[in-house]
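**Student:**
Residue numbers (this note's numbering): 463 to 673.
(1) Which whole runs of the beta strand (DSSP E) in the stretch 530–611 are 3 residues long or more, in chain order?
(2) From 623, 552, 570 and 535, pick the residue whose C-alpha is nearest to that of residue 577; which is it?
(3) Does the beta-carbon of residue 619 have 16 or more other beta-carbons within 10 angstroms, so that it is buried, or is it exposed?
(4) If the criterion is Cβ atoms closer than 7 Å, does the pair residue 574 and residue 594 meet it?
(5) Counting along the chain, where does the beta strand (DSSP E) carrying residue 621 start and finish?
(6) Tell me which residues share the same chain as residue 621 and place their Cβ nearer than 6 Å to its Cβ, disregarding the 5 neighbours each side in the sequence.
(7) Measure the alpha-carbon distance for residue 645 versus residue 539 and round it to whole angstroms.
(8) Express the C-alpha separation of residue 669 and residue 654 in angstroms, rounding to a whole number.
(9) Can you give me the Cβ contacts of residue 615 inside the same chain, cut-off strictly under 6 Å, excluding the 5 residues immediately before and after it?
(10) Closer than 7 Å by C-beta to residue 542: which residues in its own chain qualify, once you throw out the five before and the five after it? Chain order, please.
(11) I need the straight-line Cα distance from residue 557 to residue 661, nearest angstrom please.
(12) Quick one: residues in its chain with C-beta nearer than 7 Å to the C-beta of residue 572, no 5 flanking neighbours on either side, listed in chain order?
(13) Quick check on residue 555: buried or exposed, where buried means 16 or more other Cβ atoms within 10 Å of its Cβ?
(14) By how many angstroms is the C-alpha of residue 613 removed from the C-alpha of residue 665?
Laid out in C-alpha cells, this is it:
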C-alpha cells in the first residue's frame, strides 16, 4: 500500500513537471530595462510684441537706411548704432548720423525729423548733409535733403525747426581765406517748406564761431 502510494505521487509529480515545466533561468536572471526618460519638451514662447510705429518719434534713425549724396546714385546705406562703414581696397565710405531734431515743418501739426550726418570717402574731407523725414502711411519718407559742405566750407553745425521754419547753421571760413579745419563764423539760414521744396526766407545772418 505504501509503495503503491509513493509510486503514484512520483508518477503524478513527473507529469506535472512535464506539462508545467520549470522556471526559466533566463527569465529569472535578466532584468527588465528601465524606461528611457523622454527629453522635456521646450515650451513654445509667443513672439515678442511688435512696437507699433505711430509717429516719427518712434523711428530709430540710428538704425536706418539713407541715400547720402556722397555715395553712388543707386546706393543706400544702412546704419547700425548710427554708423555705416565700407572698405573695399582703396574704396572707402564712412557715414555717420550726427544729430536728430524734431519739429513741425509742413504745418500739419505733426513733427518731421531733421537728421544731420557726416560722410568720409577716404580723404581728409568730412562732408555734412541733412535729411528731412516725414511720416507717410506708417513709414518715414525723405522729403528733401539739406545741403552741407566740408567742415569750415559749409559744414552743417545744426539743423532744427523753429516756428515752422527750418533753421540751418553752417560753418564758414574767415573772409580772407583759411583751411577747412578752422571755421571762423556760423552762418544761419532759414527756409520754409512750400509743399514741394525748401524756399529761402530772408537773408542769412552770421556770428563768430567759438568752439
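Don't be surprised by glycine CBs; every beta carbon is placed ideally from N, CA and C.
**Tutor:** The relevant details are as follows:
(1) List check, beta strand (DSSP E) in window: 545–550, 553–565, 574–582, 589–598 and 601–608.
(2) 623
(3) buried
(4) Their beta carbons are under 7 Å apart, which means residue 574 touches residue 594 by this criterion.
(5) 618–624
(6) 576, 578, 592, 608 and 630
(7) 29 Å
(8) Whole-angstrom Cα-Cα distance: 22 Å.
(9) Within the same chain, residue 615 has close Cβ partners 642.
(10) Setting aside the 5 residues that flank it on each side, residue 542 is surrounded in the same chain by 525, each with a C-beta closer than 7 Å to its C-beta; the list follows chain order.
(11) 27 Å
(12) Once the five neighbours on either side are set aside, the close Cβ partners of residue 572 are 566 and 597.
(13) buried
(14) 22 Å
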